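Under the numbering used here, residues 3 to 205 are what the sequence shown spells out, in order.
First up is the structure itself, then whatever we jot down about it.
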Amino acid sequence: MKWAAISALFLALAGTSAQASVITNGNFEDNVIGNNSWRWFIADQVNGWDGSNLEIWRGYAGVEAYSGQQFIELNAHGNNNGDWSIFQTFNTVSGARYQLSFAYRARANSNETFSVSVADLNQTLTDHITGEWRLFTGYFTAGNTSSLLRFTSGTAGTVGNFIDDVQITELPPQISSNSVPTGPTGALLAIAAAALFWRRRKA
């Protein structure tokens, strides 16, 4: 790949960080709770979300949010029929490409797992650990004028799977799944993307 094309991709990736997310309340800040505490909510009591119960944490047990002040625990307090699952429907442009990103972290142990799905993206995450946040970035093509993002726990019980800073942004037309290179060049772009997300976190 020519360096001019690489530079264009860097600029395009930088542009995605400035676009507004189409997700509502992706930082889970709208239901304000007390410092060093947590509360559980029926999902439809949390702006933008629906599905199972969820817990909102704010500095409880020494765990700080990845972004803002609050985050959720997917495996929540209370009874649940089937797997814990929350979802949000949002507007999209049919045929457009989007970038999904969020932070995730294990609460109790590295055996925790959950899946994320939206349009043609469906992935299970098993690599989160306690003690630090990790970032997920994925891409999908919208098939309709609305899409549904869903998080579903693969961990039994009411302990596990912290999630924060859920964002979805439309990609500029010059970025597609075929234009992102692999190998050393792809690694450079991945480092650049990570740097952009870190800058967004600090903003």
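We treat Cβ as the ideally placed atom computed from N, Cα and C, and that holds for glycine.
Treat the numbers as computed from the prediction; the structure is a model and nothing was measured.
Counting only the same chain and skipping the five closest in sequence on each side, list residues whose C-beta sits under 8 Å from that of A45.
-> Translated into positions along the sequence shown, residue 45 becomes position 43. Hits under 8 Å: W51, D52, G53, S54, N55, L56 and I88.
Have a look at G133 and V65 and give me their C-alpha separation to the nearest angstrom.
-> As a working mapping, residue 133 is identified with position 131 in the sequence shown. As a working mapping, residue 65 is identified with position 63 in the sequence shown. About 8 Å.
Given 8 Å as the limit, is there contact between the stretch 135-143 and the stretch 30-46, that is, 3 or more CB pairs closer than that?
-> No, they do not touch.
How many Å lie between F164 and P175 at the Cα?
-> On the sequence shown, residue 164 is found 162 positions in, with the first residue counted as 1. On the sequence shown, residue 175 is found 173 positions in, with the first residue counted as 1. Using only the alpha carbons, I get a separation of about 33 Å.
Note down, in chain order, each residue of its chain lying with its Cβ closer than 7 Å to the Cβ of S23, except the 5 sequence neighbours on either side.
-> By one-based count along the sequence shown, residue 23 stands at place 21. So the qualifying residues of the chain are Q169, I170 and T171.
If you pair each beta-carbon of the stretch 153-164 with each one of the stretch 67-81, do three or more pairs fall below 8 Å?
-> Touching, yes, given that three or more Cβ pairs across the two stretches are closer than 8 Å.
What is the DSSP secondary structure of Y68, reduced to helix, strand or coil?
-> Residue 68 sits at position 66 when you count from the first residue of the sequence shown. Residue state, collapsed to three classes: coil.
Does the beta-carbon distance from T94 to T115 come in below 7 Å?
-> Position 92 of the sequence shown, counted from the start, is the residue given in the question as residue 94. Position 113 of the sequence shown, counted from the start, is the residue given in the question as residue 115. Their beta carbons are not under 7 Å apart, which means T94 does not touch T115 by this criterion.
List the endpoints of the continuous beta strand (DSSP E) containing W42.
-> Stepping through the sequence shown from its first residue, residue 42 is reached at position 40. DSSP places W42 inside the beta strand (DSSP E), whose first and last residues are S39 to F43.
Label N124 either buried or exposed according to how many other C-beta atoms from any shown protein chain fall within 10 Å of its C-beta, with 16 as the threshold for buried.
-> Along the sequence shown, read from residue 1 onward, the residue named residue 124 stands at position 122. Burial check for N124: the Cβ neighbour count within 10 Å stays below 16, so the residue is exposed.
Endpoints, the beta strand (DSSP E) within which L123 is located = Translated into positions along the sequence shown, residue 123 becomes position 121. Following the DSSP letters along the chain, one finds L123 inside the beta strand (DSSP E) bounded by residues L123 to L127.
C-alpha distance - A105 paired with T139, whole-angstrom precision | In the sequence shown, the residue the question calls residue 105 occupies position 103. In the sequence shown, the residue the question calls residue 139 occupies position 137. Answer to the nearest angstrom: the Cα atoms are 9 Å apart.
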